[in-house]
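Inspection log for the structure reproduced underneath, given as structure tokens.
4 protein chains.
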Amino acid sequence: MIVEMAKGASKEQINHVVERAHSFGFEVQLNLGTEKTVVAILGSDTGKASTDAFAVLPGVEHVARIMKPYKLASREFHPQSTIVNVNGVEIGGQRVIIMAGPCAVESEKQLTETAKAVKGCGAAIVRGGAFKPRTSPFSFQGLEKSALKMLDKVRTEFGIPVITEVVDIQNIDAIAKHADILQVGARNMQNFALLKELSKLRHPILLKRGFSATVTEWLTAADYLLAEGNQQVILGERGIRTFEDSIRFSMDISSISVIKRFSHLPIIVDPSHAAGHFAYVPSIAKAAVAAGADGLLIEVHPNPEEAKVDGLQSLNIPNFEKLMAELKPIAKAIGRYI
Amino acid sequence: MIVEMAKGASKEQINHVVERAHSFGFEVQLNLGTEKTVVAILGSDTGKASTDAFAVLPGVEHVARIMKPYKLASREFHPQSTIVNVNGVEIGGQRVIIMAGPCAVESEKQLTETAKAVKGCGAAIVRGGAFKPRTSPFSFQGLEKSALKMLDKVRTEFGIPVITEVVDIQNIDAIAKHADILQVGARNMQNFALLKELSKLRHPILLKRGFSATVTEWLTAADYLLAEGNQQVILGERGIRTFEDSIRFSMDISSISVIKRFSHLPIIVDPSHAAGHFAYVPSIAKAAVAAGADGLLIEVHPNPEEAKVDGLQSLNIPNFEKLMAELKPIAKAIGRYI
Amino acid sequence: MIVEMAKGASKEQINHVVERAHSFGFEVQLNLGTEKTVVAILGSDTGKASTDAFAVLPGVEHVARIMKPYKLASREFHPQSTIVNVNGVEIGGQRVIIMAGPCAVESEKQLTETAKAVKGCGAAIVRGGAFKPRTSPFSFQGLEKSALKMLDKVRTEFGIPVITEVVDIQNIDAIAKHADILQVGARNMQNFALLKELSKLRHPILLKRGFSATVTEWLTAADYLLAEGNQQVILGERGIRTFEDSIRFSMDISSISVIKRFSHLPIIVDPSHAAGHFAYVPSIAKAAVAAGADGLLIEVHPNPEEAKVDGLQSLNIPNFEKLMAELKPIAKAIGRYI
Amino acid sequence: MIVEMAKGASKEQINHVVERAHSFGFEVQLNLGTEKTVVAILGSDTGKASTDAFAVLPGVEHVARIMKPYKLASREFHPQSTIVNVNGVEIGGQRVIIMAGPCAVESEKQLTETAKAVKGCGAAIVRGGAFKPRTSPFSFQGLEKSALKMLDKVRTEFGIPVITEVVDIQNIDAIAKHADILQVGARNMQNFALLKELSKLRHPILLKRGFSATVTEWLTAADYLLAEGNQQVILGERGIRTFEDSIRFSMDISSISVIKRFSHLPIIVDPSHAAGHFAYVPSIAKAAVAAGADGLLIEVHPNPEEAKVDGLQSLNIPNFEKLMAELKPIAKAIGRYI
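Protein chains in written order, with our numbering: chain Y, 303 to 640; chain S, 303 to 640; chain B, 303 to 640; chain P, 303 to 640.
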């Protein structure tokens, strides 16, 4: 941590900073500039300390971090890339993993029809929402537990892993029993009570980025999942909130390379939630694969017009088929496959 | 809802839109422009329907809402301003309600000392965090249930209501027993599982705005709280995430008048979390009162240097005293009092 | 335009809206809902009228556009995609056009060395800044007119078109004489005085997106360039300002497909200014090509360490060579070439 | 400047950083942490050097500034607050200066009527646009030079200074002759060619904040104006672009106290452009005065319905009168007057 003293800070104020650093067990080095004094606070655990603990002291103008606030998710402490194994499907390896299926499970027929189709096109994992966090209390809230059973049936019948979202602590056990990957949605990325419970599992967790979380906050939230020893964490980029209003969320395509630089965790991209409209999904999906994403999470519905949730952003089956055919040569062009 | 057809949309496509509107029980009126057809979909319940249900249809270019997606929080359906009564303290009336206290309850001594001081300066409610949602798993997480008991003791001893945050469903009952207002934090504004449970209570709830939620989303989340009949909802503005980096969050001062125009619910402002630094708290607090906020939520600590959480944004007691003295004439200037 | 009246608006207020619409020569259709009246204002020129002209009238709650505020840049009025021809190099056709070179021209040697190298790798156009808009008055401001002569020499010697930025009206003629494409930088996207002058030229213009301009504002600015008959307009996406702080600007990858849907103009992407760091340039560049961009604008410097401007975001020549080799198979995978 | 080396950076890489710092004439101090080395680069002129000059070197992970990139606008180098004198009207003193008038000058009658009314209510300066930067080329562009003459007549007749916007270099002389304050609009905040010319004048300049400029960028742009010796610079906050869509721009009320902390320049607030709607202007105006702004810039029109530009955000004269009556006790409450 770098503590910048205000111009004219007194010796006592500087000493106060030094003493506080010592009280945390950190080392200190003073940099006496012509205008200002800068106190460098050193030690591998400074990332865990709050900058506020120093910024609050008299005579301090600004405090900047050197060590990142996350540790377990950081590549500095874990240089080798993590590969998450979902019943034999590897996320973070050479194969680009396509997860596809309906936003919400609406019926056994709808789920089965979609699962069969997406598997046939090369999808490696089936998605389907059982519990739906909806912005309006008047909207469809999901089939809940009966949807879990349908997902379970699909994974057995088609031999394909399934992913579904967990929205509260109460349902963790039920979901863990019926699904292969538990997804934490964007709105829950900083639901720390939920993250702490999930950390106790050994199931793979997909942690979606909050739509206004920085990459640093996202990786710090991942630390919650990793804290109790669960190493099966996948990151999910799904667009961020910006001023641009032609699209629901702006896909932060750069986060793929930023994550690859600073973290060892695999990252997948959800073009459907970013786009909010099926017309934009293919372009974003192709960009994500070319940029180096380890997979995609795509909403597919046999009849988007009749979808109970997010039909507008869902691809119908022919459009999904077409997209998969377009994605494969791009994956090949960058030395991967689908 | 206004459905704009693409240029050259066919009669069949227009009819398809009309039929869908009829299937929801809505009325329809066609507007045949020279370039485009516009279908107006009318009815008081169109706010509950998703725009996607129409946007997904072939030949549709864009769908715009007329009715807002929230209803119970809307002034259209409830023209009179709501006053929330907290054991005799009215929020939304002529008095500007100051809620003050430590970010986190750290000890009985710290809480009592602060409560005594802030009450002495004119604060109407004492705040204090028992359960703390922290961005890093390595940070202090609050004294939890023992803090609730300290809050309970303070409210009895000083005869002043207390407010504290609820972070998960499990602890709702315990908090409802010991506190007068339950606060939903910004990160939980769209934790719908939590909101649904709180809706069953009859306790006043402070719903803080998510730091990247629009005003419309905030009021739609308030509808969750109001849906089961709890009318005791207070809105809490605490700044939004923007590109500006000199301050933690940008205080959206305009939201006060926007809320007053579109909703009947009272609104208070938290200058401490927006500022992130005590130096900016007084200016924002004064602005909020002048702009018409019904109250303030201010962090005060007897010794900010030693605070376990957010010391940097906490006022010490002399600074809080000074601020209260400055706020009173402003309240008077706009015809209110503190 | 759709004018939503407030609940309880009077007949007189509605008539007032209708009369105003008629005074502009627009047609009107009334939609009498159960809760509210909606006035549809129809006509192909409504895009040119300000929504304010109606929003300001008593009893009006909200006004929404149907026709976009831009017209000349719109695909509705010009369905066929525009191909801009730069001395035989076609932008918007099947070839993905790579423009590469130094941020600022620093010397004849630096420019020539870079031009030779990038042409050798397959770049179709050479870039180089002569006039530099710098955020600080203490920074290097460009070699100005002497740089223009170096660019001119390069285009003659290597038979390759050159692009450079125009920052004020005074230098338009000099730049038009020595360069093939005139670039309007992000900070000048809404410098309407400059756009009006450029509209009188017949040179290709690259209009970079302002870093906080919406796509709609960007296309409306393009209308300024097209208004006097110059049809040679290329759009340049270079990232937008968001809250994310790991990168200089967030590349808005979705804008490529949004632009392709709503406009006939070609679009190129500048990964260098978005990234702000060379490490992120290749990933963004690959994404842009896969997403359907018609070209890229990449900063290359023979020795980035010694660059006077933006060295951090510049690729050195070996890294540019490597990137070009990676981009070619991606272009091929989507049916294009470089 | 603080240069953070990557974990495992070599001695040669560290030496390279040190040598570069020495080459700029800076001092260096090394901080050898257990995990990383941090190089502190010291000297009062480090603010003028680009962080890129170090970030580009091999083995460097991150570079943070200590000295701000602006200098002349900084309170560190000019501790005393600046008072700008506009023909006897002091901006930055105890009086809160209200500048009011039409967005665009439309006729002599309109301007005179407005000027008379606003002066009568206590406005100290009259505003009126002669040259209008409009987002669409089809919109009214201002009366230009004939408007300047009307402004000149008003200032003579009413003995009140006038402010108008300058949009290009060509018209600086004409405007300087007829107006007392030259306003640089938000879209031109980083039009450096324009700023450099204005720096040569001795007229007061109002520099509006770009709607997506940080406070740091704003003050750095002010350095352009101050660089040639013009000390008469006023800052103008007018809202920033955010995701919130209920209002045109989000008023960054916090910037008032941030500016007061880091700069000696006076700051005024424009609630009209932020709000975009007259209904929100009074609340924001009151907040700005309470927060410590040195003045306000308010759009007033005798008949907003008929305004050619921005009628929706203009107050009519009775509403302006009412607002002035409300502002005066607030100014008094904070020890100032209007």
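Cβ atoms here follow ideal geometry from the backbone N, Cα and C, with glycine treated the same way.
Report all residues from its chain with a CB closer than 8 Å to the CB of residue i; omit the five preceding and five following residues, and keep chain order.
{"i": "residue 563 of chain S", "result": "377"}
{"i": "residue 614 of chain P", "result": "578, 579, 580, 606"}
{"i": "residue 632 of chain Y", "result": "588, 591, 592"}
Do residue j and residue i count as a contact pair if the criterion is CB distance below 8 Å?
{"i": "residue 640 of chain B", "j": "residue 424 of chain B", "result": "yes"}
{"i": "residue 594 of chain S", "j": "residue 559 of chain S", "result": "yes"}
{"i": "residue 456 of chain P", "j": "residue 602 of chain P", "result": "no"}
{"i": "residue 384 of chain S", "j": "residue 365 of chain S", "result": "no"}
{"i": "residue 565 of chain B", "j": "residue 337 of chain S", "result": "no"}
{"i": "residue 426 of chain S", "j": "residue 466 of chain S", "result": "no"}
{"i": "residue 348 of chain Y", "j": "residue 545 of chain B", "result": "no"}
{"i": "residue 370 of chain P", "j": "residue 518 of chain P", "result": "yes"}
{"i": "residue 451 of chain S", "j": "residue 444 of chain S", "result": "no"}
{"i": "residue 485 of chain Y", "j": "residue 453 of chain Y", "result": "no"}
{"i": "residue 505 of chain B", "j": "residue 478 of chain B", "result": "yes"}
{"i": "residue 303 of chain S", "j": "residue 367 of chain S", "result": "yes"}
{"i": "residue 407 of chain P", "j": "residue 430 of chain P", "result": "yes"}
{"i": "residue 604 of chain S", "j": "residue 412 of chain S", "result": "yes"}
List the endpoints of the continuous beta strand (DSSP E) containing residue i.
{"i": "residue 307 of chain Y", "result": "304-307"}
{"i": "residue 560 of chain Y", "result": "Counting along the chain, residue 560 of chain Y falls outside any beta strand (DSSP E), though it belongs to the alpha helix (DSSP H) covering 557-564."}
{"i": "residue 334 of chain P", "result": "329-334"}
Could you give the DSSP three-state label for residue i: helix, strand or coil?
{"i": "residue 372 of chain S", "result": "coil"}
{"i": "residue 485 of chain B", "result": "strand"}
{"i": "residue 533 of chain Y", "result": "coil"}
{"i": "residue 364 of chain S", "result": "strand"}
{"i": "residue 503 of chain S", "result": "coil"}
{"i": "residue 347 of chain B", "result": "coil"}
{"i": "residue 342 of chain S", "result": "strand"}
{"i": "residue 385 of chain P", "result": "coil"}
{"i": "residue 406 of chain P", "result": "strand"}
{"i": "residue 612 of chain P", "result": "coil"}
{"i": "residue 434 of chain Y", "result": "coil"}
{"i": "residue 359 of chain B", "result": "coil"}
{"i": "residue 539 of chain Y", "result": "strand"}
{"i": "residue 549 of chain Y", "result": "coil"}
{"i": "residue 393 of chain Y", "result": "strand"}
With respect to the alpha helix (DSSP H) encompassing residue i, which residues constitute its N-terminal and C-terminal limits?
{"i": "residue 319 of chain S", "result": "313-325"}
{"i": "residue 449 of chain P", "result": "447-460"}
{"i": "residue 583 of chain B", "result": "583-593"}
{"i": "residue 401 of chain S", "result": "From DSSP, residue 401 of chain S is part of no alpha helix (DSSP H) but of the beta strand (DSSP E) over 399-403."}
{"i": "residue 598 of chain S", "result": "That residue, residue 598 of chain S, is in no alpha helix (DSSP H); its beta strand (DSSP E) goes 597-601."}
{"i": "residue 466 of chain Y", "result": "Per DSSP, residue 466 of chain Y belongs to no alpha helix (DSSP H); it is in the beta strand (DSSP E), 464-467."}
In chain order, what residues of the same chain lie with their CB nearer than 6 Å to the CB of residue i, ignoring the 5 residues before and after it?
{"i": "residue 392 of chain S", "result": "385"}
{"i": "residue 667 of chain P", "result": "Residue 667 of chain P is absent from the structure shown; chain P starts at 303 and stops at 640."}
{"i": "residue 557 of chain B", "result": "517, 539"}
{"i": "residue 344 of chain B", "result": "329"}
{"i": "residue 462 of chain P", "result": "421, 428"}
{"i": "residue 417 of chain P", "result": "428, 456, 460"}
Below 7 Å CB to CB, which residues in the same chain sit around residue i once its five sequence neighbours on both sides are set aside?
{"i": "residue 379 of chain S", "result": "373"}
*Should the stretch 568-577 of chain S be called in touch with the stretch 538-549 of chain S, which here means at least 3 C-beta pairs below 8 Å?*
yes
*Any contact of the stretch 489-505 of chain P with the stretch 487-498 of chain B, i.e. 3+ C-beta pairs under 8 Å?*
yes
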